[in-house]
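Following: one structure in structure tokens, then a few remarks.
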Amino acid sequence: MAQKVYILILMLLTSLGSVAQQGNAQGQMQIKGSVKGKENYAPISGVRVSTDKGAFTTTNALGEFVIRASVGDILMVEGPELETVRYRIKSGEDVDVLVEGYYGGVSKKQKREAISSRSSLADHQRFLDSANVYKKTNLEKSIDFIARSMEPLGSSGNKNEFSASLRTLGEIYMFHEQYDLAITNFKDALAAQESNKTKILLGKAYVLNKNFESAISILEPLITVRNMLPYQRIELFEALGDASKELNKLKEAQGYYQQGLLIAEKNQISPKEIDLNSKIADVFASEDRVIEAEGFYQNSLSLSKEVAPERLIQESEKVADFYNQKSRYNDEIQLRKRNLDELKQISKSSVASAERGINTRDTITSQRINYKIANAYIAQDKLDEAIPYLEKSIVEADKDDDLVVQKDATRKLSEVYRNKGDYTRALESYQDYVAVVDSLYVRKEQEISRAARFNREIANTQNRISSLEQERELSQSKYSLAVTEQQLYEETSKRQKWIIYSLIFGIALMALTAFLYYRSNRQQKLANNLLALKSLRTQMNPHFIFNALNSVNNYIAKSDERSANRFLSEFSVLMRSVLENSEEDFIPLAKELELLELYIKLEHSRFSDKFDYEIDVDKKIDVEAFQIPPMLLQPYIENAIWHGLRYKEEKGSLKIRVRQITGDMLEICIEDDGIGRKMSAELKTANQKKQKSKGMGNIKKRIQILNDMYKNKVDVSIADLNTDQTGTRVSLKLKKQ
Numbered sequence: 006m007a008q009k010v011y012i013l014i015l016m017l018l019t020s021l022g023s024v025a026q027q028g029n030a031q032g033q034m035q036i037k038g039s040v041k042g043k044e045n046y047a048p049i050s051g052v053r054v055s056t057d058k059g060a061f062t063t064t065n066a067l068g069e070f071v072i073r074a075s076v077g078d079i080l081m082v083e084g085p086e087l088e089t090v091r092y093r094i095k096s097g098e099d100v101d102v103l104v105e106g107y108y109g110g111v112s113k114k115q116k117r118e119a120i121s122s123r124s125s126l127a128d129h130q131r132f133l134d135s136a137n138v139y140k141k142t143n144l145e146k147s148i149d150f151i152a153r154s155m156e157p158l159g160s161s162g163n164k165n166e167f168s169a170s171l172r173t174l175g176e177i178y179m180f181h182e183q184y185d186l187a188i189t190n191f192k193d194a195l196a197a198q199e200s201n202k203t204k205i206l207l208g209k210a211y212v213l214n215k216n217f218e219s220a221i222s223i224l225e226p227l228i229t230v231r232n233m234l235p236y237q238r239i240e241l242f243e244a245l246g247d248a249s250k251e252l253n254k255l256k257e258a259q260g261y262y263q264q265g266l267l268i269a270e271k272n273q274i275s276p277k278e279i280d281l282n283s284k285i286a287d288v289f290a291s292e293d294r295v296i297e298a299e300g301f302y303q304n305s306l307s308l309s310k311e312v313a314p315e316r317l318i319q320e321s322e323k324v325a326d327f328y329n330q331k332s333r334y335n336d337e338i339q340l341r342k343r344n345l346d347e348l349k350q351i352s353k354s355s356v357a358s359a360e361r362g363i364n365t366r367d368t369i370t371s372q373r374i375n376y377k378i379a380n381a382y383i384a385q386d387k388l389d390e391a392i393p394y395l396e397k398s399i400v401e402a403d404k405d406d407d408l409v410v411q412k413d414a415t416r417k418l419s420e421v422y423r424n425k426g427d428y429t430r431a432l433e434s435y436q437d438y439v440a441v442v443d444s445l446y447v448r449k450e451q452e453i454s455r456a457a458r459f460n461r462e463i464a465n466t467q468n469r470i471s472s473l474e475q476e477r478e479l480s481q482s483k484y485s486l487a488v489t490e491q492q493l494y495e496e497t498s499k500r501q502k503w504i505i506y507s508l509i510f511g512i513a514l515m516a517l518t519a520f521l522y523y524r525s526n527r528q529q530k531l532a533n534n535l536l537a538l539k540s541l542r543t544q545m546n547p548h549f550i551f552n553a554l555n556s557v558n559n560y561i562a563k564s565d566e567r568s569a570n571r572f573l574s575e576f577s578v579l580m581r582s583v584l585e586n587s588e589e590d591f592i593p594l595a596k597e598l599e600l601l602e603l604y605i606k607l608e609h610s611r612f613s614d615k616f617d618y619e620i621d622v623d624k625k626i627d628v629e630a631f632q633i634p635p636m637l638l639q640p641y642i643e644n645a646i647w648h649g650l651r652y653k654e655e656k657g658s659l660k661i662r663v664r665q666i667t668g669d670m671l672e673i674c675i676e677d678d679g680i681g682r683k684m685s686a687e688l689k690t691a692n693q694k695k696q697k698s699k700g701m702g703n704i705k706k707r708i709q710i711l712n713d714m715y716k717n718k719v720d721v722s723i724a725d726l727n728t729d730q731t732g733t734r735v736s737l738k739l740k741k742q
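All residue numbers for the sequence shown refer to our numbering, where the first residue is 6 and numbers rise by one.
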């Protein structure tokens with residue numbers, strides 16, 4: 006029963022533990038990270054990493070750790086040689102903890118290497134900053150700086166810095182419309198280290214490369230990411246809106262733009278407010294919802310006035326394009342003329358992110374505005390009003406060496422003169438157009454030649470970057486292999502520990518169960534033995550009384566009343582003592598000897614002519630120190646008198662001697678010179694032979710039980726006293742309690 010109770014408790018505790026673990030695991034994720042010295046970027050092993058929710062682990066030989074935690078938990082890094090560092094988990098991205106003032110007992114050489122490492126990282130950042138400076142103006146230089154920023158990192162460069170270099174390279178390619186290369190580098194940056202910023206840039210690159218489904222697949226999971234920076238979240242919704250709009254999912258696009266606009270307004274990010282108002286207006290315009298579109302366009306214009314004149318011109322041109330699409334030419338012309346005035350005031354010929362000669366189709370210049378104003382007049386068949394603006398466009402384009410606009414404006418002027426019937430001027434303009442086309446053709450050939458050379462240089466630089474990346478990947482593979490081996494070793498060690506603990510627990514449980522079972526059996530056996538002893542004692546007492554009463558009966562039969570009274574008086578004293586000791590397993594040896602002497606005296610009074618007796622106890626023996634089962638010797642004495650001495654023709658003798666064998670053992674000898682066991686057995690009647698001696702049987706059982714309970718405390722042996730098989734000697738050896 007006890008075993009079942011313990012097993013039930015064990016199962017209950019195990020189930021409660023598993024439920025508790027499941028409850029704690031909800032909302033958690035696996036956070037990977039590393040702990041390094043800030044001065045030398047050396048990994049710090051054996052550092053305790055824990056959270057304020059109770060999870061903990063230690064860093065491996067490479068300074069890396071893996072822990073389960075939730076966004077918002079406090080990560081604590083503690084160690085004997087460093088100050089405690091606390092870090093709040095903001096997302097599921099890798100965590101790199103840099104600890105100040107840690108050298109870990111490194112040598113001077115290692116410290117010099119640490120200083121060199123810091124210098125290399127400073128070089129990396131300096132080259133990266135230079136790449137960003139030249140990103141918009143000189144593609145070749147910016148890419149070269151990216152390659153140089155990666156070289157100081159070496160084959161085992163920090164993954165954060167390596168990822169930053171690849172991300173910046175992707176931004177450079179994206180700005181210069183090399184979208185395939187941009188996508189490749191953004192992917193490589195993500196492979197080096199997961200980053201929300203890189204994922205958003207990759208999504209934008211997919212949109213620009215017209216791979217809209219891929220953009221949505223990479224961007225949509227970021228919607229559920231918590232603790233993202235507001236500007237990043239705005240860019241996320243804007244890119245999703247752009248992709249949805251291109252897929253003609255206008256409702257979804259509008260929803261994304263609206264979410265981005267709410268965040269921009271809440272955080273007062275004016276440039277994004279302008280962009281998103283303008284893009285929402287574009288969606289409404291696509292749905293031919295003119296009133297709503299115009300309302301959002303007006304919002305973008307109002308916000309642009311508060312930012313910068315250049316931005317106002319950009320947004321005004323978008324609105325003018327909207328008026329053109331809706332054939333509202335007068336509104337378009339009025340707005341573009343106002344833009345021309347604004348351009349003159351800021352004294353710039355270009356308002357855009359690109360410089361002159363690069364990405365000219367997206368620049369806003371006075372020649373382009375004049376050309377569009379002329380087209381608006383031509384659409385209304387106001388040819389005379391269109392001619393001055395075309396001429397201004399041609400002059401300004403020639404001044405700025407903008408052959409594309411000059412070509413288009415010259416061709417359009419030739420068409421206007423032809424429509425007016427002024428063929429002479431039409432021919433002159435057409436000849437000018439042909440000359441511009443020839444010049445543009447020559448320039449295009451030069452640009453193609455430069456582009457081919459430039460592409461070769463880019464390819465060489467990209468190959469150089471790819472080579473650095475491959476070296477790093479190889480090193481990272483070795484590093485990952487080492488980490489995997491370390492993790493495998495830790496997992497194996499952990500599993501072995503669990504197996505050992507389980508075995509120890511199982512063995513302990515089995516030992517406890519065996520102990521309880523053994524104790525239960527022992528208690529049951531003890532109870533059975535005690536019950537058996539009590540039963541044997543209750544059998545011995547009537548047996549002794551029966552024999553004693555036979556003696557009294559003999560006196561009465563002889564009409565010896567005086568002897569009968571004396572016998573009964575002494576018998577009553579004996580019986581009182583026997584009854585007092587009947588519940589005890591052991592009594593003092595001195596007390597047992599007194600009872601035996603009283604019993605022998607009673608028997609001698611009956612058979613005084615048959616034997617004399619002697620009780621010899623060595624005076625050196627401390628009989629009070631020895632214990633003996635009560636009434637153990639009486640049956641042997643009774644047998645000596647009744648079956649040995651009583652049938653002897655001459656008078657016999659009964660001797661009881663007590664001697665000390667060792668310090669903790671006595672020998673009690675009962676000797677009689679009677680007829681012996683063999684002749685006594687021959688004298689038994691047929692009826693007596695059928696009946697077994699209950700007295701001796703009870704004695705044997707008592708000795709067996711007592712020895713089992715008290716570990717061989719009593720040893721009895723019976724032998725013939727003489728070689729002719731006469732007389733009997735009983736030897737009882739008794740140990741101290």
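Here a beta-carbon is modelled for each residue, glycine too, at the ideal position from N, C-alpha and C.
Count the other CB atoms, across all protein chains shown, that sit within 10 Å of the CB of residue i; report buried if there are 16 or more and exposed otherwise.
i	result
Arg567	exposed
Ile620	exposed
Ser307	exposed
Glu240	buried
Gln26	Note on Gln26: pLDDT 41, under 50, position unreliable in the model; no value is reported.
Leu688	exposed
Met155	buried
Pro226	exposed
What's the C-alpha gap between residue i and residue j?
i	j	result
Lys660	Glu676	5 Å
Lys656	Asp614	6 Å
Ala325	Glu176	30 Å
Asp346	Tyr334	18 Å
Ala298	Ile223	30 Å
Arg294	Ala379	27 Å
Lys377	Ser96	49 Å
Phe132	Lys417	48 Å
Glu589	Leu711	12 Å
Glu292	Ser283	14 Å
Glu105	Arg373	57 Å
Glu243	Ile505	57 Å
Leu103	Glu401	57 Å
Leu607	Glu575	7 Å
Asp406	Gln130	38 Å
Sort the options by Cα distance to residue i and report the nearest one.
i	options	result
Asn703	Val138, Pro635, Ala47	Pro635
Glu218	Met233, Leu252, Arg231, Ile374	Leu252
Leu603	Glu589, Phe591, Val583, Phe616	Val583
Glu597	Ile221, Val622, Leu195	Val622
Gly51	Ala60, Ser39, Lys58	Ser39
Thr489	Glu69, Val54, Ala196, Val100	Glu69
Phe591	Arg707, His609, Leu213, Gln330	Arg707
Between which residues of its own chain and residue i is the CB-CB distance below 6 Å, once the five residues before and five after are set aside?
i	result
Val111	Interpretation of Val111 is limited by its pLDDT of 47, a score under 50 that renders its predicted location unreliable; the figure taken from the coordinates is listed afterwards. If we look at Val111 and ignore the five residues flanking it on each side, it has no Cβ neighbours.
Ile561	Ala569
Ala414	Tyr376, Leu395, Ser398, Ile399
Phe209	With the sequence shown as reference, residue 209 is identified as Lys, and Phe is not the correct amino acid for it. Once the five neighbours on either side are set aside, the close Cβ partners of Lys209 are Ala244.
Asn214	Tyr184
Excluding five sequence neighbours on each side, which residues of the same chain lie with their C-beta closer than 7 Å to the C-beta of residue i?
i	result
Asn272	Pro235
Phe631	Leu594, Leu671, Leu739, Lys741
Ala390	Sequence check: residue 390 is Glu here, not Ala. The residues are Tyr382.
Arg651	Phe612, Lys615
Lys250	Ala258, Val288
Starting from the C-beta of residue i, find all residues in its chain whose C-beta is less than 8 Å away, skip the five residues before and the five after it, and write them out in chain order.
i	result
Asn424	Leu388
Trp503	none
Asp57	Asp78, Ile79, Met81
Lys2	Summary: the structure shown does not reach residue 2, with the chain confined to residues 6 through 742, and so no result is reported for it.
Hey, is residue i's beta-carbon within less than 7 Å of any beta-carbon in chain D?
i	result
Val312	Annotation note: the requested chain D is absent from the structure, which comprises a single protein chain.
Check: Which runs of the beta strand (DSSP E), 3 residues or longer, sit entirely within the segment 181 to 269?
Finding: none
Notebook entry, point to check: Fully enclosed by the segment 290 to 376, which alpha helix (DSSP H) runs are 4 residues long or longer?
Noted result: 295 to 310, 314 to 330, 334 to 351
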